[in-house]
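Colleague:
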């Protein structure tokens with residue numbers, strides 16, 4: 188006797204797959220979903236970054252196209268699809284079309300690496316505090332960075348094995364002017380202070396109106412301690428510096 192196969196079963200056998208499954212397929216993960224290398228988190232779960240006892244946080248990518256005004260955060264399309272990861276590179280996500288992201292990392296202080304795979308942005312490391320609401324994760328725009336280097340030290344890129352630090356010194360009133368900056372690791376080009384008119388001056392005695400300093404060519408030998416002293420107060424920040432990257436240091440006096 189010849190058995191008549193159901194159309195669905197015939198198709199399944201022909202293709203070698205279960206073509207008639209009624210289960211929904213895995214949804215696609217859009218930009219902004221979290222993940223871990225080697226698994227451990229469902230990348231399709233939009234709530235993954237808030238699972239596990241509130242260890243997740245949200246933030247927005249801030250494109251720095253003017254180093255003398257690092258918090259301006261202009262609305263640039265470059266903030267889309269930026270890779271954001273922990274300093275070890277094992278937990279990661281990407282920003283959505285608005286620059287927003289969600290990441291599964293315990294706080295309260297986290298060092299983020301941004302744009303490690305981007306040619307239009309400079310790989311940047313920003314230490315953020317996750318307990319104050321959505322974080323601002325800063326990353327430097329590549330053309331602005333190249334222009335800054337050419338203006339200050341007449342080269343378009345730092346030497347391999349060295350990085351840069353943008354230091355911001357504040358107190359309860361805002362930016363601190365007149366603070367001198369030091370670093371535990373040597374640097375190739377000295378320390379430049381904001382001059383108050385959008386530029387930088389290595390001959391200046393201390394931070395300008397923006398409370399900013401730029402250290403170029405810092406040796407990347409592990410953690411770097413950055414210090415600030417305004418004559419009456421001192422403060423430090425221990426940060427990570429990586430080759431040909433920009434690290435952001437925040438010191439409160």
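Numbering (this note's numbering), first residue to last: 188 to 440. Beta carbons are placed, not taken as given, at the ideal position from N, Cα and C, and that holds for glycine. Note that the structure is a prediction, hence the values are computed from the model and not measured.
(1) Can you list, in chain order, the residues of its chain whose CB lies under 7 angstroms from that of residue 439, leaving out five sequence neighbours each side?
(2) Tell me which residue opens and which closes the alpha helix (DSSP H) that residue 334 is part of.
(3) Taking 8 angstroms as the threshold (C-beta atoms), are residue 308 and residue 274 in contact?
(4) Please tell me whether residue 335 and residue 263 are closer than 8 angstroms, where the distance is taken between their beta carbons.
(5) Using the Cβ count rule (16 or more neighbours within 10 Å means buried), how would you classify residue 326?
(6) From this set, 287, 361, 258, which residue's C-alpha is nearest residue 248's C-alpha?
(7) Note down the Cα distance separating residue 328 from residue 250, rounded to an integer number of angstroms.
(8) Inspect the CB distances between the region 363-373 and the region 330-348 and report whether three or more fall short of 8 angstroms.
(9) How is residue 223 classed by DSSP in three states: helix, strand or coil?
(10) Expressed to the nearest angstrom, what Euclidean distance is found between the alpha-carbon atoms of residue 267 and residue 283?
(11) If you draw a straight line from the C-alpha of residue 382 to the C-alpha of residue 398, how long is it?
(12) Buried or exposed: which applies to residue 408, given that a residue is buried once 16 or more other Cβ atoms fall within 10 Å of its Cβ?
(13) By the DSSP assignment, the beta strand (DSSP E) with residue 300 in it spans what residues?
(14) Expressed to the nearest angstrom, what Euclidean distance is found between the alpha-carbon atoms of residue 384 and residue 362?
(15) Leaving out five residues before and five after residue 416 in sequence, what residues of the same chain have Cβ atoms less than 7 angstroms from its Cβ?
(16) Using the Cα positions of residue 292 and residue 303, report the straight-line distance between them to the nearest angstrom.
Modeller: Let's see:
(1) 357, 358, 422
(2) 329-340
(3) no
(4) no
(5) buried
(6) 287
(7) 6 angstroms
(8) no
(9) Below a pLDDT of 50, predicted positions are generally treated as unreliable, and residue 223, at 43, falls in that range; the measurement from the model is reported next regardless. If DSSP states are grouped into helix, strand and coil, residue 223 belongs with the strands.
(10) 6 angstroms
(11) 10 angstroms
(12) exposed
(13) 296-301
(14) 15 angstroms
(15) 366, 367
(16) 18 angstroms
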